[in-house]
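Chains as they are written, first to last, in our numbering: chain A, 19 to 143; chain B, 67 to 879. Every residue gets a Cβ at the ideal spot worked out from N, C-alpha and C, and that includes glycine. Have a look at the structure below, then the notes.
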């Protein structure tokens, strides 16, 4: 069974980088450029993991995470915040909003996919 | 007749009896009396004449002749003249007659004396004066009934006693001297004329007496007759009179004092003084009621020579110290007399003191103020029972006069107070009126000015005399008189009114004024009190004030705005800084994400194979990008630390794993420089409670530095621990020690101090060879401190350095 990652990221380069790395490790990557379309896609596809940028247009990542977590169908889907917010409390805020993990940008291409995979439930890994 | 018959009979009996006895005697003594046969009859005649009376003597002669003839003479000798017996008989008759006549004389003399004695005695008995007769030795011979009464002694008791027994002891010396002076020259005359003396009755009682002494002589002995008069009543009457007259004098002095004294104290002192000096009392004082202390406090006294009063305490209550005359008089409101203070049980508390001062009796008189008893006048005398009705009446009069004066004083005091108050009020209102800045005036309902202040004259230009003749409306222009007039009417009708009008001065100048008038009754006349204020100045002032207020308001507003914006700026600066750091961090990371990410992808060959030269160059790109990321992270760290925002999250973790991970991460760099990298780990327990991330960051920093500044040799990391001894101080705790030693360039001693400060890379010129932000050690030090540990360095230039970090094994407290 293929692993599907929903990537919610507005920066094109970042989106490309992450998609490249994930796909090269066998992930199917679906991208959304804003929170609302991301939420819609998540509801529609039920991905294996959701990678969520925090600084997004219209609705920020925290709101998106909260919205996603209100959908019981997505209870088992891990949400990993991938963000360049590195100020004190950013990690805590992300976890409080419903994220399961937190990866600081810039991402390390050597370890990024492995880190993401860590958050997947074991049977899908 | 009966009496004379009886006398004749008694004479005959005397004659018979005596002649018979004489005959018997002659017969018995016949041998002896042969030569004088009538010898015994001579004696019989003399005895009968002396004791039986003249008649008995005469009867004895013939009887003696008859009995002598018959029994004593011989028969031939009987009644024959010419014989010897006849001669003897004749001789007997003649001699007997002579004897009888002598006896007659004697008897009549005696009878006369006896009669005169009886007469004298009856005179003496009836005499009012005591008459005492004493002899030269001054023993009493006789005394009359008056003397008996006077001396309380019967004549029989008195006779033989020395007269001195009836003279008072202290007068005896004087009387002795008096008697001594008596001489025979004084015989029959009054030797001493009415000498005053103190007599002493048998009962021991003494009394004043007047005595006249007369010397008499009788039977070659002289007598002294004393005529004594008891003058005690007279003396006491005189003394009473003297006392009363002194008291009258004192009373008149007191009344004088009442008229002259201006205050209570003066009156009291003078009254006490008069009572003692003129009234003859020992002491006088006035106690005044101290309500709080329930005491009568002496406020005036006289005659208190040894401060009796200052030590005496008189209570107004019915208790031990309040039952003397003074306290009683105060409480009961009437005169209180103590006849004998030494025996009155109520005076027990003061008895000793009174005795010492020879004060025997006292009288206390309440003093009233407005009908209420407020004080007590007490006077003392030196003898018991001194106060008689008349004295008491006089002293009561004095007390009542003093009370009357007190009421007057109090009325006078009230009057003076009221007067002074009125005076002060007057001065005050004058001062008020004069000190008023505007004009003040006062006129009656007819518009006649009664009073005004000086300003009114100054500002109007009119003199006081002119104003007195003017009407209030004359100070206004014709055009305004109606308005002002109606306002004045308002004042009298409604009580008060005000008006703005132009004040017209004598010189025609006009000034805008604001007048207020108030109705008041003065001397039972309705009047108007008015005040006028120059409002031209007020208007100017108001404008100025308004301007000032406005400008002040805008100034305050400006300043408030400045402060507010300064605060906003300060707050926003803070926020801006945080936002800037967040943004910078974010914005720098985003491009770095691409750079590092894609170089990584390319270097991994994921995008296709690379030429060795390309791999080398891309590696440089990646290193630079990583360095840039370190830089960003360091700046962010130091900012967070400086802002106090960096938080430590201690939890238990495996130190050995952390050490391995960090060492492994720097191992490629050490290998690249051909440096050895050794770890000497000597701990039994691998866990530590601290912030894992920060511990690793610190260790990484130190290892990076060591590798960076070392070109030969290697880097050694020692991890060990210290455990405090059993007797270590509480503050001393188990610590973990991380020691990074290198064989690098070392640090100059003078630079060591600068080492841990931010942005200081030692030897700027040299450091260019070494990449770095210069923040690493500063961050290390702050982190270690936050973790509750220490960091230190030992170094030798050119030989290497040793950085030592100690961390508490159980986390910071």
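Check	Outcome
Beta strand (DSSP E) segment containing residue 746 (chain B), residue limits	742-747
Where residue 12 (chain B) falls: helix, strand or coil (DSSP)	The requested residue 12 (chain B) does not occur in the structure, where chain B is confined to residues 67 to 879.
Bounding residues of the alpha helix (DSSP H) (the contiguous stretch that carries residue 846 (chain B))	842-852
Proximal residues to residue 363 (chain B) (C-beta, below 7 Å), its chain only, five neighbours per side dropped	353, 354 and 356
Selection of the stretch 684-707 of chain B by Cβ proximity to chain A, strictly under 7 Å	695, 702 and 706
CB of residue 98 (chain A) within 9 Å of CB of residue 125 (chain A), strictly	no
Members of the stretch 106-137 of chain A that neighbour chain B once the beta carbon cut-off is set at 9 Å	106, 107, 108, 122, 123, 124, 125, 126, 127, 128 and 130
When B:717, B:622 and B:422 are compared against residue 371 (chain B), the one with the closest alpha-carbon	B:422
Which residues DSSP lists as bridging residue 807 (chain B), in chain order	B:782 and B:868
Length of the line joining the Cα atoms of residue 408 (chain B) and residue 417 (chain B)	6 Å
Sequence-distant residues of its chain with Cβ nearer than 7 Å to residue 214 (chain B) (five each side left out)	220 and 221
Supposed contact pair residue 461 (chain B) and residue 431 (chain B) - C-beta distance, whole angstroms, cut 8 Å	6 Å
C-alpha distance - residue 471 (chain B) paired with residue 333 (chain B), whole-angstrom precision	9 Å
Near-chain A residues of the stretch 647-660 of chain B (beta-carbon distance less than 9 Å), N- to C-terminal order	647, 648, 651, 652, 653, 654, 655, 656, 657, 658, 659 and 660
Rounded straight-line distance, which links the Cα of residue 44 (chain A) to that of residue 756 (chain B)	39 Å
Nearest-angstrom Cα separation, counted from residue 496 (chain B) out to residue 489 (chain B)	10 Å
Whole-Å CB distance - residue 743 (chain B) paired with residue 780 (chain B), under 8 Å assumed	6 Å
Of the listed residues B:367, B:771 and B:777, nearest to residue 783 (chain B) (C-alpha basis)	B:771
Burial state of residue 314 (chain B), where buried means 16 or more other Cβ atoms lie within 10 Å	exposed
Straight-line gap, residue 337 (chain B) to residue 466 (chain B) (C-alpha atoms, nearest Å)	12 Å
Neighbour flag for residue 662 (chain B) against chain A, beta carbons, 9 Å	yes
Local conformation of residue 108 (chain B) per DSSP, three classes	helix
Within chain C, the residues that residue 78 (chain A) reaches when beta carbons sit closer than 8 Å	Structure shown: chain C not included; protein chains present are A and B.
DSSP-derived helix/strand/coil call for residue 452 (chain B)	coil
Neighbour flag for residue 25 (chain A) against chain B, beta carbons, 9 Å	no
Bounding residues of the beta strand (DSSP E) (the contiguous stretch that carries residue 585 (chain B))	576-588
Buried versus exposed call for residue 319 (chain B) [16 or more other C-beta atoms within 10 Å across all chains shown]	buried
Per-residue DSSP class, three states only, for residue 274 (chain B)	strand
DSSP-derived helix/strand/coil call for residue 509 (chain B)	strand
For residue 364 (chain B), the residue or residues it bridges with in DSSP	B:353
Contact belief for residue 429 (chain B) with residue 468 (chain B) at Cβ below 8 Å, rounded distance in angstroms	Not a contact, Cβ separation roughly 14 Å.
Against chain B: residues of the stretch 40-65 of chain A by CB proximity under 7 Å	42
Test: residue 670 (chain B) CB closer than 9 Å to a CB of chain A	yes
DSSP-derived helix/strand/coil call for residue 487 (chain B)	helix
Nearest residue (CA-CA) to residue 83 (chain A), options A:65, A:76, A:131 and A:57	A:57
As assigned by DSSP and simplified to three states, the class of residue 67 (chain A)	strand
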